[in-house]
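Chemist: Questions regarding the structure given below will be posed in turn.
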Amino acid sequence: MNLKKVLEKTEARIITGEGETGRECRGFYVSDLLSDVMGHAGEGEVWLTIQTHSNVVAVALLLNLAAALFTAGAGPDSTTIEKARAEGVVLLGTSLPTFEAAGRLYRALTEEE
Amino acid sequence: MTTPGMVLRFSVEGGDYAAAGEAASKIKKALRKIGVDAGVIRRVAIAAYEAEMNIVLHALRGRLILEVAEDKLRVIAEDEGPGIPDVNLAMQEGFSTASDLAREMGFGAGMGLPNMKKCSDTITIETTKDRGTKVVMNFDIDDDGVT
Ligand SMILES: Nc1ncnc2c1ncn2[C@@H]1O[C@H](COP(=O)(O)OP(=O)(O)O)[C@@H](O)[C@H]1O
Ligand SMILES: [Mg+2]
């Protein structure tokens, strides 16, 4: 699945990384605890979270994540957006609650198999 | 292509959430530049990030030091701070003294030291009450680890 499909399935918008919708997404991780993400999210995955401060960008960058997807309408501040642009980190946002967004992505993944 | 003998130092300010992660990020970039294996870089990046966050969250100020040798990498995180009263307790997954604000931001899961242990080949912690803490982590580079 690529980011374009992630956007479609979750009715999300691109906050940063407009040119990166072809990026491959190797899986998903859902958590709002940064150390949990550090310890368990895999390279190339999309991270669903309601945390929006600039450390999300640091974590996504260090782990080479495909994107961070803010759920439940959570939106990052301008510092976070600027940092993501500077580092080439893709940020997406959906107004769907986390459970709904994750459920849709899970279903889409199993349909692909 | 390694650069044995290379030493990089990055200072870290306690409480500076905005800059948190920058030292780890610079370490990652430096390792990529010298051609270290991607899996090793990942382990070092995770461990360095957690060490940096612990200085930001729990100490006054400190520094991260990366040492590159022929067959291994070393990350040292040392700080001036309160020290860790009970290291065995601190190493347990879920133990955290992080503030409510830090927890709201998603820090303070009590998984930082366990992540550092998991990602490094050896870890030693020296700490003195009201003085500070020094964490030394070594990372072996496999034969094919460095090209
Ligand atoms: N550099 C440090 N200085 C003082 N205390 C520390 C330091 N690093 C860790 N600690 C203590 O150990 C606990 C566990 O650390 P860690 O596993 O990284 O979890 P967390 O940072 O999420 O609380 C911290 O909550 C803190 O009490
Ligand atoms: Mg920690």
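Protein sequence lines correspond, in order, to chains A and B. FYI, the numbering for the first sequence is 26 to 138, going by the working numbering. FYI, the numbering for the second sequence is 1478 to 1624, going by the working numbering. Using N, Cα and C, we set each Cβ at its ideal position, and we do this for glycine too.
1) Measuring from the CB of L1541 of chain B, is there a heavy atom of ligand 1 at a distance below 7 Å?
2) Figure out for me which residue from A:E125, A:G100, A:Y131 and A:L130 has the closest Cα to the Cα of L117 of chain A.
3) Quick one: complete alpha helix (DSSP H) runs, 4+ long, within the stretch 78-109 of chain A?
4) Name the chain A residues that come within less than 9 Å of G1498 of chain B, Cβ to Cβ?
5) Does DSSP classify G52 of chain A as helix, strand or coil?
6) To the nearest angstrom, how far is the alpha carbon of L1541 of chain B from that of V1489 of chain B?
7) Grab me the residues of P122 of chain A's own chain with a C-beta within less than 6 Å of its C-beta, minus the 5 sequence neighbours each way, in chain order.
8) Hey, is D102 of chain A's beta-carbon within less than 8 Å of any beta-carbon in chain B?
9) What is the rounded straight-line gap between the Cα of L1537 of chain B and the Cα of V1517 of chain B?
10) Determine the closest residue to N89 of chain A out of A:T135, A:R48 and A:M26, with distance taken between C-alpha atoms.
11) Contact criterion: CB-CB distance below 8 Å. Does S120 of chain A meet it with respect to chain D?
Modeler: In this structure, then:
1) Locating residue 1541 of chain B in the second sequence gives position 64, where the first residue counts as 1. Checking every heavy atom of ligand 1 against the Cβ of L1541 of chain B, none is found closer than 7 Å.
2) Position 92 of the first sequence, counted from the first residue, corresponds to residue 117 of chain A. The shortest C-alpha separation from L117 of chain A is found at A:G100.
3) 80-87
4) If you number the second sequence from 1, residue 1498 of chain B lands on position 21. Simply S79, N80, V82, A83, V84, L86 and L87.
5) Numbered from 1 along the first sequence, position 27 holds the residue referred to as residue 52 of chain A. The answer is strand: DSSP assigns G52 of chain A an E or B state.
6) The residue given as residue 1541 of chain B occupies position 64 in the second sequence. The residue given as residue 1489 of chain B occupies position 12 in the second sequence. Taking the straight line joining both Cα atoms gives about 7 Å.
7) On the first sequence, position 97 is the one that residue 122 of chain A refers to. Excluding residues within five positions, the ones whose Cβ falls inside 6 Å are A97.
8) Locating residue 102 of chain A in the first sequence gives position 77, counting from the first residue. Not an interface residue.
9) Indexing the second sequence from 1 puts residue 1537 of chain B at position 60. Indexing the second sequence from 1 puts residue 1517 of chain B at position 40. So the alpha carbons of these two residues sit roughly 30 Å apart.
10) Start at 1 with the first residue of the first sequence, and residue 89 of chain A comes out as number 64. Measuring from the Cα of N89 of chain A, the nearest candidate turns out to be A:R48.
11) Going by chain labels, chain D is absent from the structure shown, which instead holds the protein chains A and B.
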